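Asker: The structure's right below; bear with me while I get my questions together.
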Amino acid sequence: MKHHSQELFELCTDTKSIPRRRARSVSPSAARTNQRRGLDQSSNSLRPKSGGGDELWDPWPDGDFERLLTWEEVLRTDNLSEHWACQPGGGDKRGSESALAWSQGKKTRRVCLGVITCDEPTCEVVTRPQTRRAGIMGQLNASCLCGSQLKHIDCGVTSVLYSFKGGVYYIHKGIHHHPKQTHILHLSRDERTRFEQIVFENPAAGPAALIAGRNSITGTRESVSTISTVLLNQDRVKAELQALRGKSTRNFVDDFAEFQKNHPGYVLYSQFEAVTVVVVQTQFMVSQLVTDFIEDEAVNGIVSDAAHGFWYSSKDLLIISSTYSALLACWVPGLMTYANGGSAEHYRLHFLVLFNSMADECEKHGREVVDFSEAERVGFTQAFIMFWTNREDSRVYEEGCRVFLVSRQKVCENSDLYAASLHRQ
């Protein structure tokens, strides 16, 4: 049975399907004897410098070999992505990804479609063929960039993947007796990690700025284009940015759950609703919230404020409650909250977690110093009331708390005095 690409360009009686100049398809056997372009050489010698893989996976698989990879390794290699132009195909329906043995796993295939080259000996352009017959025909009907005739070098080398419970068993059969295309489409796992690192270090940079490079501490300029030739294209960089900054909710939830598993106790509270907050705190941070009174310095209490412009979205806030550390001689964060807005409910959740963390640490005095915007004032009041009404030993009820706070606010002439008056004796 012929591979479909071998049947593409057989002469037919319908003149409408004949190209302007007859397109030539070179079979694998003819490719091996083609000395002009050195196609008898190993394809490893023709690998583009920008397309290298890593020690775990080579995106240019070649030769006869078999490998067993765990699901973690498959994920790290972007599902065993290849730079070869491949036609995907299915296998039998009897296999299952939940099978214990790889031989009983779900079977899929990849068939290499070869490359499209030019018949001009001095032309080095090697093009990636499309995966459909009409697409390849359209490519061959056009001329090369140098104006010469294009031809399709078929391959047909096949790889088979068995997906089962333990991972993926990969089988590759055959040698690619054709050059590698000069334009690749995929980033390796290591290349993607380097790209993400540059993006995280430059959250406000757009595609053009990332390609142009950035100023570093050493004075040099780092560009994403140095990672791979894939990232020379501004539209591709834009697409990678959108994928990185706009991950699906499912992926984010999985990543967040994994983060909490790896850092137990760091996330004190999280809520993903119309009002979204993620409140974090380390043991050192909470230890700084409840300290002895510093008599010789006017640095007692807790300063709470919200930073605009820290996150990618301008409406998101980073709310921080800080306290002065006499040991470090500087202000240190005691509680940090990501908030998707600055409503009273956002501040209420932040201050409520703040109160509870301080109470759990110890029952010592503390006072809050904030600049008290309207939203902060309301949120602080609501959290203060809920904190005391939820305490088992509380003798202060909700209405009494509210009257206390309102009376204190009326007595104070400015927000600083108001905050100082909340010092609990």
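First residue of the sequence shown: 1, per the UniProt record's numbering; consecutive thereafter. We treat Cβ as the ideally placed atom computed from N, Cα and C, and that holds for glycine. Note that this is a predicted model, so its numbers are computed, not measured.
(1) Do you know how far the Cα of Leu241 is from the Cα of Val111?
(2) When you compare the stretch 224 to 241 with the stretch 201 to 213, are there three or more beta-carbon pairs, one atom per stretch, that lie closer than 8 angstroms?
(3) Using 10 angstroms around the beta-carbon of Glu273, count the other beta-carbons present and answer buried if the total reaches 16, otherwise exposed.
(4) Nearest by alpha-carbon distance to Glu361: which of Arg76, Thr77 and Thr282 is it?
(5) Less than 6 angstroms between C-beta atoms, sequence neighbours within five positions excluded: which residues of the same chain meet that for Gly89?
(6) Which term fits Thr122, buried or exposed, when burial requires 16 or more other beta carbons within 10 angstroms of its beta carbon?
(7) Contact check, Ser322 vs Leu268 under 8 angstroms by CB: the rounded distance?
(8) Would you tell me roughly how many angstroms separate the C-alpha atoms of Gln130 and Ala243, rounded to the nearest one?
(9) Would you kindly check if the distance between the Cβ of Gly334 and the Cβ of Ile302 is under 8 angstroms?
(10) Around the Cβ of Pro59, are there at least 16 other Cβ atoms within 10 angstroms (buried) or fewer (exposed)?
(11) Which one or two residues does DSSP pair with Asp305 in a beta bridge?
(12) Could you check the C-alpha separation between Ala257 and Gly309 for me, to the nearest Å?
(13) Do you know offhand how far Ala375's Cα is from Glu345's?
(14) Relative to the C-alpha of Val115, which candidate in Tyr312, Ile385, Ala339 and Ile153 has its C-alpha closest?
(15) Closer than 8 angstroms is the cut-off here; do at least three beta carbon pairs connect the stretch 165 to 172 with the stretch 63 to 72?
(16) Skipping 5 residues on each side, what residues in its chain have a beta carbon closer than 8 angstroms to that of Glu66?
(17) How would you write the range of the beta strand (DSSP E) that Ile136 sits in, first residue to last?
(18) By the DSSP assignment, the alpha helix (DSSP H) with Ser357 in it spans what residues?
(19) Can you tell which of Asn300, Leu187, Gly379 and Thr226 has the C-alpha that lies nearest to the C-alpha of Asn79?
Answerer: Walking through what the data contain:
(1) Locating residue 111 in the sequence shown gives position 111, counting from the first residue. Locating residue 241 in the sequence shown gives position 241, counting from the first residue. Each residue's Cα considered, the two are about 30 angstroms apart.
(2) yes
(3) By one-based count along the sequence shown, residue 273 stands at place 273. Exposed, because fewer than 16 other Cβ atoms sit within 10 Å of the Cβ of Glu273.
(4) Translated into positions along the sequence shown, residue 361 becomes position 361. It is Thr282 whose Cα lies nearest to the Cα of Glu361.
(5) The residue labelled residue 89 in the question sits at position 89 within the sequence shown. If we look at Gly89 and ignore the five residues flanking it on each side, its Cβ neighbours are Arg109.
(6) Counted from its first residue, the sequence shown places residue 122 at position 122. Per the 10 Å Cβ criterion, exposed.
(7) By 1-based counting over the sequence shown, the position of residue 322 is 322. By 1-based counting over the sequence shown, the position of residue 268 is 268. At roughly 16 angstroms, the Cβ-Cβ gap does not stay under 8 angstroms, so Ser322 and Leu268 are not in contact.
(8) Here residue 130 is taken as the residue at index 130 of the sequence shown, counted from 1. Here residue 243 is taken as the residue at index 243 of the sequence shown, counted from 1. The alpha-carbon atoms of Gln130 and Ala243 are separated by roughly 24 angstroms.
(9) For the purposes of this step, residue 302 is identified with residue 302 of the sequence shown, where counting begins at 1. For the purposes of this step, residue 334 is identified with residue 334 of the sequence shown, where counting begins at 1. Their beta carbons are under 8 angstroms apart, which means Ile302 touches Gly334 by this criterion.
(10) One-based indexing of the sequence shown puts residue 59 at position 59. With 16 or more other Cβ atoms within 10 Å, it is buried.
(11) Here residue 305 corresponds to residue number 305 of the sequence shown, with the count starting at 1. In the DSSP output, where bridge partners are listed per residue, Asp305 has Ile320.
(12) In the sequence shown, counting from the first residue as 1, residue 257 sits at position 257. In the sequence shown, counting from the first residue as 1, residue 309 sits at position 309. Roughly 26 angstroms between the two C-alpha positions.
(13) As a working mapping, residue 375 is identified with position 375 in the sequence shown. As a working mapping, residue 345 is identified with position 345 in the sequence shown. One C-alpha to the other measures close to 8 angstroms.
(14) Taking the sequence shown and counting its residues from 1, the one referred to as residue 115 is at position 115. Checking every option, the nearest Cα to that of Val115 belongs to Ile153.
(15) yes
(16) The residue you call residue 66 lines up with position 66 of the sequence shown. Tyr169, Tyr170, Ile171 and His172.
(17) Residue mapping note: residue 136 aligns to position 136 of the sequence shown, counting from 1. Ile136 -> not in any beta strand (DSSP E); alpha helix (DSSP H) instead, spanning Arg133 to Asn141.
(18) Walking along the sequence shown from the start, residue 357 turns up at place 357. Start and end: Ala344 to Glu361.
(19) Translated into the one-based positions of the sequence shown, residue 79 becomes position 79. Of the candidates Asn300, Leu187, Gly379 and Thr226, the one whose C-alpha sits nearest the C-alpha of Asn79 is Leu187.
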